[in-house]
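The sequence shown runs 186 to 419 under my numbering. Quick reminder that beta carbons are idealized off the backbone N, C-alpha and C, glycines included. A quick note: this is a predicted structure, and the numbers were derived from the prediction, not measured.
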Amino acid sequence: MKASPSSDTFIETLRRNKAYIFALIALMILFAILEDLFTGNILHMDGIAYNLFVVRLRRGWLTPYMEQFSDLASPVILGVFCLIVISLTSGERLGRCILINLVCAVALNFILKDIIRRPRPEGFRLISEVGFSFPSGHSMVAMAFFGLIVWIIWVYQKNRALKYISCALLCFVIAMVGISRIYLGVHYASDVVSGFCISLLWLVFYTHTIAPYYMGTHVTHAFNKEAQPKHMKA
Numbered sequence: 186m187k188a189s190p191s192s193d194t195f196i197e198t199l200r201r202n203k204a205y206i207f208a209l210i211a212l213m214i215l216f217a218i219l220e221d222l223f224t225g226n227i228l229h230m231d232g233i234a235y236n237l238f239v240v241r242l243r244r245g246w247l248t249p250y251m252e253q254f255s256d257l258a259s260p261v262i263l264g265v266f267c268l269i270v271i272s273l274t275s276g277e278r279l280g281r282c283i284l285i286n287l288v289c290a291v292a293l294n295f296i297l298k299d300i301i302r303r304p305r306p307e308g309f310r311l312i313s314e315v316g317f318s319f320p321s322g323h324s325m326v327a328m329a330f331f332g333l334i335v336w337i338i339w340v341y342q343k344n345r346a347l348k349y350i351s352c353a354l355l356c357f358v359i360a361m362v363g364i365s366r367i368y369l370g371v372h373y374a375s376d377v378v379s380g381f382c383i384s385l386l387w388l389v390f391y392t393h394t395i396a397p398y399y400m401g402t403h404v405t406h407a408f409n410k411e412a413q414p415k416h417m418k419a
């Protein structure tokens with residue numbers, strides 16, 4: 186039985202506006218967290234995450250791996266990733282696009298931390314961290330940096346298998362960076378989730394305004410010679 190024209194139109198509308206739908210969901214989650222945070226309520230998700238990732242999951246052999254996942258969003262590692270991406274794609278403009286995105290995400294995180302000034306968790310940290318807790322800088326940077334790479338691959342990579350595998354691995358990395366920050370006791374779950382939501386909102390703006398300016402045919406050819414960016418198709 187074929188779908189009606191109206192349902193086809195609705196599905197196509199959802200598909201075309203999926204970025205804005207994700208942004209709306211992220212905004213709703215962020216507002217819900219901020220409401221509880223500013224009213225002084227202990228967020229339910231923080232308690233659940235503490236019991237799961239700190240009380241139940243912590244193991245001596247697992248901690249070094251979690252520290253390595255956390256380090257994936259450190260300045261040195263991200264700098265190395267930037268150089269790798271630029272060298273693989275041979276694109277100076279792409280490098281600028283990635284760098285601007287990263288700098289803006291870091292600056293936004295500093296501003297929000299200074300405005301909200303939420304103290305970090307006390308009593309169960311496995312590593313030393315300074316500064317305020319909300320939103321998680323590692324989570325914001327991981328979502329902003331790796332999320333932009335996901336967008337670039339999704340738009341410009343023609344090989345479907347390579348595209349899906351690469352994007353899935355990068356999404357896994359983003360999630361593990363956030364989980365590692367909770368596990369290591371330097372952030373509440375609400376810090377991490379909010380960091381993801383804020384960077385997702387930023388990415389929707391960035392990929393619809395600034396990033397397309399830097400995306401040229403040289404990026405397309407760097408991934409696959411015959412590919413054409415989805416947003417450039419008729």
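At which residues does the alpha helix (DSSP H) containing residue i begin and terminate?
i      : result
Gln253 : Thr248 to Asp256
Met230 : His229 to Ala234
Phe223 : Lys203 to Phe223
Assign residue i to one of two classes, buried (16 or more other C-beta atoms within 10 Å of its C-beta) or exposed (fewer than that).
i      : result
Met400 : buried
Lys203 : exposed
Gly232 : exposed
Tyr250 : exposed
Arg310 : exposed
Assuming residue i and residue j are in contact, meaning their beta carbons sit under 8 Å apart, how far apart are those beta carbons, in whole angstroms?
i      : j      : result
Leu287 : Phe330 : 6 Å
Ser324 : Arg303 : Rounded, the Cβ-Cβ distance is 14 Å, inconsistent with contact.
Grouping DSSP H, G and I as helix and E and B as strand, with all else coil, what is residue i?
i      : result
His323 : helix
His393 : helix
Gly245 : coil
Ala292 : helix
Arg281 : helix
Phe309 : coil
Ser318 : coil
Gly370 : coil
Ser272 : helix
Asn344 : coil
Pro304 : coil
Met400 : coil
When you compare the CB positions of residue i and residue j, do they come within less than 8 Å of one another, or not?
i      : j      : result
Leu355 : Val378 : no
Ala234 : Ala374 : yes
Pro320 : Ile364 : no
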